[in-house]
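Protein chains in written order, with UniProt numbering: chain A, 1 to 533; chain B, 1 to 533.
A short worksheet on the structure shown next.
2 protein chains.
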Amino acid sequence: MRSIPGGTFVALILSVLANALGSYAGKILVFPVDGSHWVNMNLLIEGLHARNHNITVVRSASSWYVKEKSPHYTSITIPLPEVINIEDEDFFVSFLSKILEIQRGGASILTFISFYWEMLTGLSEIHRQASQLVVEMFKNQQLMQSLQDTQFDLVLMDPGLPGGVLVAHQLQLPVVFNVRWITSGEGHFVVAPSPVSYVPTSGCAVPDKMTFTQRVKNMFHYFLNICIDTFVVSPHYNRLCIQYFGPDTKFYHLLQSIDIWLMRVDFVFEFPRPTMPNIVYIGGFQCKPAKALPSDLEEFVQSSGDHGVVIMSLGTLIKGLPADITSEIAAAFAQIPQKVIWRHIGEQPQNLGNNTLLVQWMPQNDLLGHPKIKAFVAHGGTNGIYEAIYHGVPVLGMPLLFDQFDNLLRLEVRGAAKVLDVTKLTSQSFLQALQNILQDPSYQRNMERLSSLHRDKPLPPLDSAFFWIEFVMRHKGAAHLRTESIKLPWYTYHSLDVISFLIVTMLAILATAAAMFHLLCCRLCRMRKLKQE
Amino acid sequence: MRSIPGGTFVALILSVLANALGSYAGKILVFPVDGSHWVNMNLLIEGLHARNHNITVVRSASSWYVKEKSPHYTSITIPLPEVINIEDEDFFVSFLSKILEIQRGGASILTFISFYWEMLTGLSEIHRQASQLVVEMFKNQQLMQSLQDTQFDLVLMDPGLPGGVLVAHQLQLPVVFNVRWITSGEGHFVVAPSPVSYVPTSGCAVPDKMTFTQRVKNMFHYFLNICIDTFVVSPHYNRLCIQYFGPDTKFYHLLQSIDIWLMRVDFVFEFPRPTMPNIVYIGGFQCKPAKALPSDLEEFVQSSGDHGVVIMSLGTLIKGLPADITSEIAAAFAQIPQKVIWRHIGEQPQNLGNNTLLVQWMPQNDLLGHPKIKAFVAHGGTNGIYEAIYHGVPVLGMPLLFDQFDNLLRLEVRGAAKVLDVTKLTSQSFLQALQNILQDPSYQRNMERLSSLHRDKPLPPLDSAFFWIEFVMRHKGAAHLRTESIKLPWYTYHSLDVISFLIVTMLAILATAAAMFHLLCCRLCRMRKLKQE
Chain A
1 MRSIPGGTFV
11 ALILSVLANA
21 LGSYAGKILV
31 FPVDGSHWVN
41 MNLLIEGLHA
51 RNHNITVVRS
61 ASSWYVKEKS
71 PHYTSITIPL
81 PEVINIEDED
91 FFVSFLSKIL
101 EIQRGGASIL
111 TFISFYWEML
121 TGLSEIHRQA
131 SQLVVEMFKN
141 QQLMQSLQDT
151 QFDLVLMDPG
161 LPGGVLVAHQ
171 LQLPVVFNVR
181 WITSGEGHFV
191 VAPSPVSYVP
201 TSGCAVPDKM
211 TFTQRVKNMF
221 HYFLNICIDT
231 FVVSPHYNRL
241 CIQYFGPDTK
251 FYHLLQSIDI
261 WLMRVDFVFE
271 FPRPTMPNIV
281 YIGGFQCKPA
291 KALPSDLEEF
301 VQSSGDHGVV
311 IMSLGTLIKG
321 LPADITSEIA
331 AAFAQIPQKV
341 IWRHIGEQPQ
351 NLGNNTLLVQ
361 WMPQNDLLGH
371 PKIKAFVAHG
381 GTNGIYEAIY
391 HGVPVLGMPL
401 LFDQFDNLLR
411 LEVRGAAKVL
421 DVTKLTSQSF
431 LQALQNILQD
441 PSYQRNMERL
451 SSLHRDKPLP
461 PLDSAFFWIE
471 FVMRHKGAAH
481 LRTESIKLPW
491 YTYHSLDVIS
501 FLIVTMLAIL
511 ATAAAMFHLL
521 CCRLCRMRKL
531 KQE
Chain B
1 MRSIPGGTFV
11 ALILSVLANA
21 LGSYAGKILV
31 FPVDGSHWVN
41 MNLLIEGLHA
51 RNHNITVVRS
61 ASSWYVKEKS
71 PHYTSITIPL
81 PEVINIEDED
91 FFVSFLSKIL
101 EIQRGGASIL
111 TFISFYWEML
121 TGLSEIHRQA
131 SQLVVEMFKN
141 QQLMQSLQDT
151 QFDLVLMDPG
161 LPGGVLVAHQ
171 LQLPVVFNVR
181 WITSGEGHFV
191 VAPSPVSYVP
201 TSGCAVPDKM
211 TFTQRVKNMF
221 HYFLNICIDT
231 FVVSPHYNRL
241 CIQYFGPDTK
251 FYHLLQSIDI
261 WLMRVDFVFE
271 FPRPTMPNIV
281 YIGGFQCKPA
291 KALPSDLEEF
301 VQSSGDHGVV
311 IMSLGTLIKG
321 LPADITSEIA
331 AAFAQIPQKV
341 IWRHIGEQPQ
351 NLGNNTLLVQ
361 WMPQNDLLGH
371 PKIKAFVAHG
381 GTNGIYEAIY
391 HGVPVLGMPL
401 LFDQFDNLLR
411 LEVRGAAKVL
421 DVTKLTSQSF
431 LQALQNILQD
441 PSYQRNMERL
451 SSLHRDKPLP
461 PLDSAFFWIE
471 FVMRHKGAAH
481 LRTESIKLPW
491 YTYHSLDVIS
501 FLIVTMLAIL
511 ATAAAMFHLL
521 CCRLCRMRKL
531 KQE
């Protein structure tokens, strides 16, 4: 093996050793997003801490999930004048009931518009406050100096609230994203070409093989997302970019200049689409084998005999569905021979069957991994979906908000889920769909196929995340994997200038040829005339 | 862990075990390309054989590198009526001298056109013969039946000559490509969106950050490649598709429907560009640590003292450069304090220095991995370039043919190589460039940086190739990783139908609004008139 100079060689050996032993001690500055996003980020933080890295988490004073004290990180708390909690439970309950009202057709067009307007204003407000956190940091010169002095190796952040890229730019640090969505849409759309003809826009709930109408809808959502980004989200950060870095620094360029995107996506689930070399897919990185159930739950599960058990959960955010809907569901559950474990918060339905156990919380992953579980009634949040895929449990989906429609559609297209419209749900339709999943073996078979594909990887997704985070630390970035093509003007990116030039040149050549031909004809005519005269 | 039904579970356990032990015995049908491509394919075959797979190689009777008998595979020999050997040495010597003549400006425009015409005719002839191999196979019903009966798990092929996809389609087998180029260009252009504004077309020798002129050139090459593909290459295979599978099966669709592309590319070398989930990058998979040199060579190398050694090789295809050029090179070599090992076939230059050792063959990888080697004078073939990157040796490039210009440009842009124009080479320019590389430490440093990035991978590229080949065998394909978007009509793929529809709709709305406004104005005017009267 060729020797390479002292420093590089030692660094290489160290890095290989460190990778093997997990002992490369780096300093990582983390910008998380609160709420359910934090669950994902915290998993990475715990793992990185176990690999001997020093983690510093930036949180706002009113942060809800991100605690000030942790055995895994030290924190920097930024006081903010006022705060909306974006994953506040009461907010979501009222939000959901409004949506259900609109979807059930009980709302006028005015209600719809005012609701949509409210949503956009809320989104803008969230980003205004997230950008305010950056302002507060930049104002605090002592803090910025101490961050500079700490000599971090890396900024790790969730670009759902992307203020951290400005801080990273100021500190000249490489950045790794832990990402499912950015600002107002799909992270992919920022980095990779995404032909709208087969790449579904986020929130559009269309498959990759679309009808003409679906393609029109997809195009509409694409422009909608661009508008939301241009007028609602980006202005907050662009303003700061101009203020702190001058007019040449665009917020979108900062987003696109980051080193590695750890995308919480797996192609067992997501439709195949163009990607870039600096996107690493870690979808399902949180999945792990099931542990034994608590003895009372195990006893309940075993009591189901050969029929098995159905479990139902609508995630952490939704306290409860309206009573009329839960009543329909309870009635349906009462009619199946399976036992049911239902994570239900709120008033107990009157018509609950004897086979149904209501719980305030359930060890979801351990249940999904239990051989007696036959189906999972779920809202379609990303984490639950990946756990279902990992354990191969078919899903009856009831999407309520956000990406849940997109998520469940993907399982449905692959024959691993049935999706119900909550607003039209009756005990009859719920029962029929559930029985369909329990009795038609194709759902189970398709989910198992997804599971076996998902588990068959050269490297488990969590290890892949650690590898690339440490890769960026070892090499102080991953510039060779990212394109800076987005910095081209849009007409250059799409080659419109070259195409125009070629068309003009061709026309000029044709015109010259035509003129010469015309001249030649005239001459010939004149000569013939002269001859005739 | 959730149990999954007997068969699937056992298959999963077996596959995991097999993967760990390399003992999953699959049956693989291989369609190689002769010449230097075979070197790469053979490496995979040897590895797969070591992992207990049974390999069957399809070769033509006149095959040159692909032997009939091997300890690693059994072969099927197809007799062909007539054969051009595409990597025939004499052919390349005359080809090169013609190119040099043209590049030196010694040829008229007519010579140039006739030469280019000859090249295209040659290309067409190669593909006609390659497609003839498929015809001969399909004609031989006994052979086809025996292939069917063997129940292969996979077709592994080099799509440089893509006839194998038709056989795979006929046998309904999953396909893995071992690919650097397809038919008439870059494999990427078939599978992933490739904006011409920053993705260099193969053979164009422009970087990813282009000037306007370079972008015009790139666009021109892009159209040229499309034309070559449409009129020179594809017709041979499309004809067979129609003949054997009916008018609905397009050759390009077969190419795009394959499961995994093992792309002999690494982004340490290639510019970052869009890619698809079913492309696996195995660039440099052939690289391995250096072995000890034969004692006489080691003695020569050691005799160089602190100055070290320069090595030169122009690959397997080129027997020799014209005598006037080798003489200039020899003169330059004679003036450096380093020792030189020069792989030289043909007449020995008169002015050879005492420091220069001519050899007929050299253990290139072992030399590149030797700490005394200071620079590599090379033509820029892919294999040599990756070996140079792997061992961190800076390159003085003299591109002669094909992708060698593209390859060396990539190293030059990264500051790891200098590139010379062979047609303008003098001993002075050669000496200056070589001294530059030997004396300016940045070349060495940049190459070492590329080397450390290239070696830092979660999985060595060769293991990655084996993983994905076996993945396709385990799951009978990898359909979830590939898009079938190319089957859309071009106007649908580019959303032109949707855009037209939206524009027409918008115009209709505007026209209606304008008409109504006009009507309203007329009414108002008339009313006012009536009032005034």
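All residues carry an ideal CB built from backbone N, CA and C; glycine is no exception.
| Item | Value |
| --- | --- |
| Going by the beta-carbon positions, is the gap between A375 of chain A and L453 of chain A smaller than 8 Å? | no |
| Would a check of beta-carbon distances place R474 of chain B closer than 8 Å to chain A? | yes |
| Mind pulling the beta strand (DSSP E) runs of 3 or more residues that sit fully within the region 323-391 of chain B? | 339-343, 356-359, 373-378 |
| Between which two residues does the beta strand (DSSP E) holding K418 of chain A run? | 417-419 |
| Under three-state DSSP, which class holds N436 of chain A? | helix |
| Can you check whether the CB of I260 of chain A is closer than 8 Å to the CB of V155 of chain A? | no |
| Would you kindly work out how many angstroms separate the C-alpha atoms of L238 of chain A and L255 of chain A, rounded to a whole number? | Before going on, a small fix: residue 238 of chain A reads as Asn here, not Leu. So the alpha carbons of these two residues sit roughly 11 Å apart. |
| Under three-state DSSP, which class holds M41 of chain B? | helix |
| Do you know whose CA, among B:I389, B:P399, B:A292, B:W490, lies nearest R414 of chain B's CA? | B:I389 |
| Is any beta-carbon of chain A found at less than 8 Å from that of R180 of chain B? | no |
| List the residues of chain A that S495 of chain B touches, going by C-beta distances under 8 Å, in chain order. | P195, V196, S197, R215, M219 |
| Going along chain A in order, which residues have a C-beta closer than 7 Å to the C-beta of V498 of chain B? | R215, V216, M219 |
| Can you name, in chain order, every residue of its own chain whose Cβ lies under 7 Å from the Cβ of A323 of chain A, other than the five neighbours on each side? | E347 |
| Helix, strand or coil for Y198 of chain A? Go by DSSP, reduced to three states. | coil |
| Cutting at 7 Å between CB atoms, please list the residues of its own chain near F251 of chain B, excluding the five before and the five after it. | S234, Y237, N238, C241 |
| Take W490 of chain B and list the residues in its own chain whose beta-carbon comes closer than 7 Å to its own, dropping the five residues that flank it on each side. | none |
| Report yes if the C-beta distance between Y386 of chain A and C287 of chain A is below 8 Å; otherwise report no. | yes |
| Can you round the beta-carbon distance between P200 of chain B and D208 of chain B to whole angstroms, since I take them to be within the 8 Å contact cut? | 6 Å |
| Which residues in chain A have a C-beta closer than 9 Å to the C-beta of D208 of chain B? List them in chain order. | T483, E484, S485 |
| In the DSSP output, which residue or residues are listed as bridge partners for T74 of chain B? | B:T56 |
| Cβ closer than 7 Å: which chain B residues qualify as neighbours of T121 of chain A? | Under the 7 Å cutoff, chain B gives no residues; its nearest Cβ is about 27 Å from T121 of chain A. |
| Using only the alpha-carbon positions, how far apart do G35 of chain A and N42 of chain A sit? | 11 Å |
| From the DSSP output, in three-state form, read off W117 of chain A for me. | helix |
| For S131 of chain A, which option in A:H37, A:K217, A:F115, A:F31 has the closest C-alpha, if you only look at C-alpha atoms? | A:F31 |
| With respect to the alpha helix (DSSP H) encompassing N178 of chain A, which residues constitute its N-terminal and C-terminal limits? | From DSSP, N178 of chain A is part of no alpha helix (DSSP H) but of the beta strand (DSSP E) over 175-179. |
| Between B:V472, B:I345, B:V268, B:A479, which lies nearest to R410 of chain B when the distance is taken from Cα to Cα? | B:V268 |
| Which residue wins for smallest C-alpha separation from T56 of chain B, given the options B:D153, B:R343, B:F220? | B:D153 |
| Quick check on this structure: which residue in B:T249, B:F245, B:T356 has the alpha carbon closest to the alpha carbon of V309 of chain B? | B:T356 |
| Could you give the C-beta distance for M137 of chain A and I99 of chain A, rounded to a whole number, given that I count them as a contact under 8 Å? | About 35 Å separates the two Cβ atoms, so there is no contact after all. |
| Starting from Y281 of chain B and walking both ways along the beta strand (DSSP E), at which residues does that stretch end? | 279-281 |
| Would you say S313 of chain A lies against chain B (beta-carbon separation less than 8 Å)? | no |
| Between the alpha carbons of A61 of chain A and K67 of chain A, how many angstroms are there, rounded? | 10 Å |
| Give a yes or no on whether 8 Å exceeds the smallest Cβ distance from A192 of chain A to chain B. | yes |
| What residue range is occupied by the uninterrupted alpha helix (DSSP H) comprising K487 of chain A? | Neither: K487 of chain A is in no alpha helix (DSSP H) and is coded neither H nor E. |
| Leaving out the 5 sequence neighbours to the left and right, which residues in its chain are closer than 7 Å to R523 of chain A when beta-carbon positions are compared? | none |
| Ends of the beta strand (DSSP E) at F31 of chain B? | 27-31 |
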